[in-house]
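Chemist:
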Amino acid sequence: MPQIIVTTLMSPMKTDILVKLKSNLPSMPRLYLIVLFSLIFITAPSMVSAQLSLPEIFSDNMVLQRDKEIPLWGSAAAGSLITVELNGVRQSTTSNADKSWELHFPKQKAGGPHLLTIYQDSIAAISFKNVLIGDVWVASGQSNMEWQVQQAKDASEEIKNAQHPEIRYFKVDHAKRTQPQADVAGGSWQAIDSNTVKEFSAVAYYFSRKIQKDINIPIGIIQSTWGGTPVEAWTSKEQLLSSPAARNRTLANDTISEEHFVKDSLDLIRFWNIVYTPEKKVQKEIIKRNYNDEDWSIIKMPSTLKDGAISYYEGIVWLRKEVTIPQSMMGKDLTISLGHPEMNYTLFFNEERICKNVWNANETHDYPIPKTLAKKHKNIITIRMAYLWGGGGFNPPADEMYISDGDSKITLSGDWKYKKGLEPAIPEIMNYHQYPSFLYNGMINPIIPYGIKGFIWYQGENNVEAASDYAELFSLLISDWRIKWQQGYLPFIYVQLANYMKENEKPSESDWALLREAQTKTLKQPNTAMACIIDIGEAASIHPLNKQEVGRRLALLAESMVYQQKVQAYGPIYKNHKIEKGKIIISFSEIADGLAISEGTELKGFAIAGADQKFYWAKAEIRENEIVVSSDDVPNPIVVRYNWADNPNGNLTNSSGLPAIPFRTDDWVKKEKSGADKE
288 MPQIIVTTLM SPMKTDILVK LKSNLPSMPR LYLIVLFSLI FITAPSMVSA QLSLPEIFSD
348 NMVLQRDKEI PLWGSAAAGS LITVELNGVR QSTTSNADKS WELHFPKQKA GGPHLLTIYQ
408 DSIAAISFKN VLIGDVWVAS GQSNMEWQVQ QAKDASEEIK NAQHPEIRYF KVDHAKRTQP
468 QADVAGGSWQ AIDSNTVKEF SAVAYYFSRK IQKDINIPIG IIQSTWGGTP VEAWTSKEQL
528 LSSPAARNRT LANDTISEEH FVKDSLDLIR FWNIVYTPEK KVQKEIIKRN YNDEDWSIIK
588 MPSTLKDGAI SYYEGIVWLR KEVTIPQSMM GKDLTISLGH PEMNYTLFFN EERICKNVWN
648 ANETHDYPIP KTLAKKHKNI ITIRMAYLWG GGGFNPPADE MYISDGDSKI TLSGDWKYKK
708 GLEPAIPEIM NYHQYPSFLY NGMINPIIPY GIKGFIWYQG ENNVEAASDY AELFSLLISD
768 WRIKWQQGYL PFIYVQLANY MKENEKPSES DWALLREAQT KTLKQPNTAM ACIIDIGEAA
828 SIHPLNKQEV GRRLALLAES MVYQQKVQAY GPIYKNHKIE KGKIIISFSE IADGLAISEG
888 TELKGFAIAG ADQKFYWAKA EIRENEIVVS SDDVPNPIVV RYNWADNPNG NLTNSSGLPA
948 IPFRTDDWVK KEKSGADKE
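Be aware that the sequence shown starts at 288, since it is given in my numbering, and climbs by one per residue.
(1) Run through DSSP, which three-state label would D919 get?
(2) In the segment 627-667, which residue ranges form an unbroken alpha helix (DSSP H) of at least 4 residues, counting only runs that do not cross its ends?
(3) In the DSSP assignment, what are the bridge partners of T611?
(4) Fully enclosed by the segment 756-844, which beta strand (DSSP E) runs are 3 residues long or longer?
(5) According to DSSP, V532 sits in a beta bridge with which residue or residues?
(6) Considering only residues of the same chain and omitting the five flanking positions on each side of S918, which have a CB-CB separation below 8 Å?
(7) Run through DSSP, which three-state label would N311 get?
(8) Please report the straight-line C-alpha distance between Q806 and A462, rounded to a whole angstrom.
(9) Could you work out which residue in M688, S481, A363 and L675 is closest to V610 when comparing CA atoms only?
(10) What is the DSSP secondary structure of R496, reduced to helix, strand or coil?
(11) Is the separation between the beta-carbon of F636 and that of I612 shorter than 8 Å?
(12) If you count every other CB in all the chains shown that lies within 10 Å of the CB of A712, and 16 or more means buried, which is it?
(13) Would you kindly work out how many angstroms separate the C-alpha atoms of S362 and L368, rounded to a whole number?
(14) Do the segment 678-686 and the segment 574-590 make contact, defined as three or more Cβ pairs closer than 8 Å?
(15) When the cut-off is 8 Å and only beta carbons count, does E913 lie next to chain D?
(16) Between A538 and P342, what straight-line distance do the alpha-carbon atoms span, to the nearest angstrom?
(17) Tell me where the beta strand (DSSP E) around H461 begins and ends.
(18) Straight-line CA distance for M788 to W360?
(19) I'd like to check one pair, V604 with Y745: are the Cβ atoms closer than 8 Å?
(20) Who are Q468's beta bridge partners in DSSP?
(21) Give the single residue among I871, A800, E752 and N348 whose Cα lies nearest to the Cα of N930.
(22) If you scan the segment 706-730 from start to end, which runs of the alpha helix (DSSP H) of 4 or more residues do you find wholly inside it?
(23) Do you know how far the Cα of D354 is from the Cα of L326?
(24) Check for me: the alpha helix (DSSP H) holding Y600 runs from which residue to which?
(25) So which of S700, Q614 and K696 has the shortest CA-CA distance to K662?
(26) Report yes if the C-beta distance between T522 and D767 is below 8 Å; otherwise report no.
(27) By the DSSP assignment, the beta strand (DSSP E) with F548 in it spans what residues?
(28) Compute the Euclidean distance between the alpha carbons of G708 and N666, then round it to the nearest angstrom.
(29) Distance check for D470 and H864, CA to CA, integer angstroms please.
(30) Does DSSP put T749 in a helix, in a strand, or in coil?
(31) What residues in its chain sit with their C-beta under 6 Å from that of L843, if we drop five residues either side in the sequence?
(32) Cα separation between P813 and F725?
(33) Express the C-alpha separation of V549 and F324 in angstroms, rounding to a whole number.
(34) Taking only three categories from DSSP, how would you classify N941?
(35) Between R576 and Y632, which are expected to be in contact by the criterion C-beta below 8 Å, what is the C-beta distance as a whole number of angstroms?
(36) Please name the residue, chosen from W703, E639 and E715, that lies closest to I556 on a Cα-to-Cα basis.
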C-alpha cells in the first residue's frame, strides 16, 4: 500500500487517531482510508473552530491599523493556546477561565493583501482572506453621516466611477441595547466598487477617497451611524452619570428592558405602514374633484409646521387647492412646481396621481401634467403629506409654487384647505435609539478595542434644543471613547452644523448658532479639528446633498493634523478685535494668503451692537487682512457677531476658499433651559 504522508500542525487528538489507524491500515480498503483521513482533517478543525470565535468586526477584506500593535480578541475553550499568524509573524496567548482571549499583534507596515490565520491548540481554525494593513477610521454620528452615496449629490456618476479596492468599509448594523455588548448585531468588511459604495456613508466615502489617494495607503472605515440621535446615545453610561446635564435621564434608563424595544419595534412597523400606505377608501374619496371639503380649515401656503400655522401634529395631513386653468394654457402640457415641500408626500391632480416622494428622493419637485388632465374650470390639487417630528408643509419662497405652460404661471401660494385625522393616528414611538448610552452599548462598545487611526463625526442636530449642554456632552463623548480605546489621544475630527432653515431679514438669536458655538469650543480638547460647512447647507433640507465637499474638508483636516501635510485646512478663525472711533477691527488666524469674499463684492453676515444689546447689520470691508465693521445705527459698538443665525449668508473666506468660522464676542444670549433643568 502507498505510504500516506500528512504534513500539518498536529493536535494530540489527531496524533492519537493516526496511531490507532496505523495498526489497522492493512485491513482497511483504500477508499475507506481516503474517506476517513478526509473526515479527520476536515472535521477536526471544525470541532475546534466551533469553540474558537472572533467578533463580527473581523472578516475577510478587513483593514487592520498599521504602525501600532493590532488588538485581536475572541473566545475559545478555557486554557486553549491561541496563535495568530499574519505576514509571516506569529503571536500567541492562552484563553482565560471565562473563555475570553486577547492579544496585541506586533506592529505592521501598510500593505497587503494578507492571510490572517488563528490557530487553537496548533490547529488552523479560522482564516481571513484579502486583509490589508492601513489606516482605520471610525465614522459615526447621526443622519448626515449616515446619508448614503446613492442619496447624495451626483449619485449616479459617483457610483459608476467607484472602483477603490484599497478602500474598505464595515457598516455596523443598527442596535440599541440596555447593556454593553461584546459583538455587533451584524456587518462585514466590503471593498469599494460600484455595487458596494451605494449604501456607504457619503461623507465617509469622500473622506476616505481623498485620504487614500493623497497618502497612498489602504483606508478602512468602520461606519457606526443612526439618524436622529443625540450625542448622549453614543456615550457610555458611566461617563454620562458624571454629567449633571445627563445624569437623571441616564438613571431613568434603568426602568427600561429589552421587552420595551420589542413593543417599540412593532409600533414602528405600524407607524411606517401608515406613513407610506394610505387608507384606500379615504384616498379614493378625498382626491375626487367633487369631494366636499367645506368643513376643512384654511391655511396659507407656503408654511410649515415649524411656523405654527398648524398646531404641533404628528400624522397624515390632507391638503386641497382649487385652481382655474386659463384658456390660453388649455391644450398644453403643464408643469406643477411645489417649491420646497417637507417630508413624504403624494401629489394628485384631478384624481390622477402625479408623484409619490419619499424623503426628498426627487431632486426637484417639478412634475409634468399631461394636457389631457387639465379641465376648463375647476381643477383640484390634492396632497397627502406626513407631518413628522416637527416637520411638514411647504417652505418659502412663494413664487416657486406654481403651474406653468412654459410662458405663463398660475401661483399655488395663498389659501389651501387642510384636514387632520382622516386616517388612523400613528402610534407613539418611544425612539429608544435616542436614549442615553443605548447606541454606545450596541454599536460602539462591540468594536472596542479594534485598532484605529481616529474618528470622524457628524452630529449635533438632535441636540440643538439644549445647545448650552452640548459643549460639555460632546467633550464627554470624546474623552469617553479615547479612554475606552486606550490608544492615546486619538484624533477626533468633526463637522460643524451647516446653515439650515429660512434666512432672517434682521439679526436674531439662534439655537443653531449656539450649537455651532459649542462645537467650536470643543476645539479646546486636544487633538481635535472641526470642518466648517456654513456655506454649503440648504435652507429647505437638514440633509444638504453636497457631501463631497464635507468629506474633502474633513480630509484636509486629517491631512494637516494627522498626516502632517502642508495643506490649508481651515477658513479664517476669529483671533481678537479692537474698537477705534466707532468701528470694530477684527483679526483672524488661518487667513492663508489673505482674506477674501466668496460671492459678490460686499461682505455680508456681520452684525454689531452697543450697550443696549440691539444688533444691526454692519458694513464690513477688508483692510490689510483685517475686517473693519461699522453701522450708522450703532455709533458706539462694543460687540460683533458673524454668521450668527440658523441660516446665515456670510461670505468671508480665505484665499483657499474655506469659509470663516461663525463667532460672537458677547455672551448675552440667555442660557436656555438645560438638560439638567428639564428633568
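Don't be surprised by glycine CBs; every beta carbon is placed ideally from N, CA and C.
Modeler: By the coordinates alone:
(1) The residue you call residue 919 lines up with position 632 of the sequence shown. Of the three classes helix, strand and coil, the one that applies to D919 here is coil, per DSSP.
(2) List check, alpha helix (DSSP H) in window: nothing returned.
(3) Indexing the sequence shown from 1 puts residue 611 at position 324. In the DSSP output, where bridge partners are listed per residue, T611 has K665.
(4) DSSP runs (the beta strand (DSSP E)) wholly in the segment 756-844: 779-782 and 815-818.
(5) As a working mapping, residue 532 is identified with position 245 in the sequence shown. Here residue 532 is Ala; the residue named in the question, Val, does not match the sequence. In the DSSP output, where bridge partners are listed per residue, A532 has none listed.
(6) As a first step, residue 918 is located in the sequence shown; it is residue number 631 there, counting from the start. The beta carbon of S918 sits closer than 8 Å to the beta carbons of I895, Y903, W904, A905, K906 and P924 from its chain, once the five residues preceding and following it are set aside; these are given in chain order.
(7) Mapped onto the sequence shown, residue 311 falls at position 24. Residue placement at N311 is flagged as unreliable, the pLDDT there being 41, under the threshold of 50; the coordinate-derived value follows with that caveat. N311 falls in the helix class under three-state DSSP.
(8) Position 519 of the sequence shown, counted from the start, is the residue given in the question as residue 806. Position 175 of the sequence shown, counted from the start, is the residue given in the question as residue 462. The straight-line gap from Cα to Cα measures roughly 27 Å.
(9) Against the sequence shown, residue 610 aligns to sequence position 323. It is M688 whose Cα lies nearest to the Cα of V610.
(10) As a first step, residue 496 must be located in the sequence shown, where it is residue number 209. Helix, per DSSP.
(11) Start at 1 with the first residue of the sequence shown, and residue 636 comes out as number 349. Start at 1 with the first residue of the sequence shown, and residue 612 comes out as number 325. Their beta carbons are not under 8 Å apart, which means F636 does not touch I612 by this criterion.
(12) For the purposes of this step, residue 712 is taken as residue 425 along the sequence shown, with counting starting at 1. In summary, A712 is exposed, with fewer than 16 beta-carbon neighbours lying within 10 Å of its beta-carbon over all protein chains present.
(13) On the sequence shown, position 75 is the one that residue 362 refers to. On the sequence shown, position 81 is the one that residue 368 refers to. Whole-angstrom Cα-Cα distance: 11 Å.
(14) Here the segment 678-686 makes contact with the segment 574-590; the two share three or more CB pairs at distances below 8 Å.
(15) The structure shown contains no chain D; it holds only a single protein chain.
(16) To locate residue 538, count along the sequence shown from 1; it is residue 251. To locate residue 342, count along the sequence shown from 1; it is residue 55. Reading off the sequence shown, one finds Leu at residue 538, where the question assumed Ala. Taking the straight line joining both Cα atoms gives about 29 Å.
(17) As a position in the sequence shown, residue 461 is number 174, starting the count at 1. Membership of H461 in any beta strand (DSSP E) is not indicated, and neither H nor E is assigned to it by DSSP.
(18) Residue mapping note: residue 788 aligns to position 501 of the sequence shown, counting from 1. Residue mapping note: residue 360 aligns to position 73 of the sequence shown, counting from 1. Straight-line measurement puts the Cα of W360 at about 47 Å from the Cα of M788.
(19) Counted from its first residue, the sequence shown places residue 745 at position 458. Counted from its first residue, the sequence shown places residue 604 at position 317. No, the Cβ-Cβ distance between Y745 and V604 is not below 8 Å.
(20) Within the sequence shown, the letter at position 181 stands for residue 468. Bridge partners of Q468: none, in fact.
(21) Here residue 930 refers to the residue found at position 643 when the sequence shown is read from its first residue. Comparing Cα-Cα distances from N930 to each of I871, A800, E752 and N348, the minimum goes to A800.
(22) Counting whole runs of 4 or more residues, the segment 706-730 contains no alpha helix (DSSP H) stretch at all.
(23) Here residue 326 refers to the residue found at position 39 when the sequence shown is read from its first residue. Here residue 354 refers to the residue found at position 67 when the sequence shown is read from its first residue. At L326 the pLDDT is 43, less than 50, meaning the model places this residue with poor confidence; the figure from the coordinates comes in the next sentence. Cα to Cα, the separation comes out at about 41 Å.
(24) Here residue 600 is taken as the residue at index 313 of the sequence shown, counted from 1. Y600 -> no alpha helix (DSSP H), and no H or E assigned at all.
(25) In the sequence shown, the residue the question calls residue 662 occupies position 375. Nearest option by C-alpha distance: Q614.
(26) Sequence index remark: in the sequence shown, residue 522 carries index 235 (1-based). Sequence index remark: in the sequence shown, residue 767 carries index 480 (1-based). Going by beta carbons, T522 and D767 fall inside the 8 Å limit.
(27) Start at 1 with the first residue of the sequence shown, and residue 548 comes out as number 261. Counting along the chain, F548 falls outside any beta strand (DSSP E), though it belongs to the alpha helix (DSSP H) covering E545 to Y563.
(28) Translated into positions along the sequence shown, residue 708 becomes position 421. Translated into positions along the sequence shown, residue 666 becomes position 379. The alpha-carbon of G708 is positioned some 24 Å away from that of N666.
(29) Indexing the sequence shown from 1 puts residue 864 at position 577. Indexing the sequence shown from 1 puts residue 470 at position 183. Computed Cα separation, rounded: 52 Å.
(30) Here the question's residue 749 lines up with position 462 in the sequence shown. Sequence inspection shows Asn at residue 749; the Thr mentioned does not correspond to that position. Helix.
(31) Looking up residue 843 in the sequence shown gives position 556. So the list reads V854 and A856, once near-sequence residues are dropped.
(32) Sequence index remark: in the sequence shown, residue 813 carries index 526 (1-based). Sequence index remark: in the sequence shown, residue 725 carries index 438 (1-based). Each residue's alpha carbon lies about 27 Å from the other.
(33) For this step, residue 324 is matched to residue 37 along the sequence shown. For this step, residue 549 is matched to residue 262 along the sequence shown. Its pLDDT being 43, under 50, F324 is placed unreliably by the model, and the measurement read from it follows with that caveat. Cα to Cα, F324 sits roughly 49 Å from V549.
(34) The residue given as residue 941 occupies position 654 in the sequence shown. Correct three-state label for N941: strand.
(35) Numbered from 1 along the sequence shown, position 289 holds the residue referred to as residue 576. Numbered from 1 along the sequence shown, position 345 holds the residue referred to as residue 632. Contact between R576 and Y632 is ruled out by a C-beta separation of about 20 Å, above the 8 Å threshold.
(36) By one-based count along the sequence shown, residue 556 stands at place 269. Ranking W703, E639 and E715 by CA distance to the CA of I556 puts E715 first.
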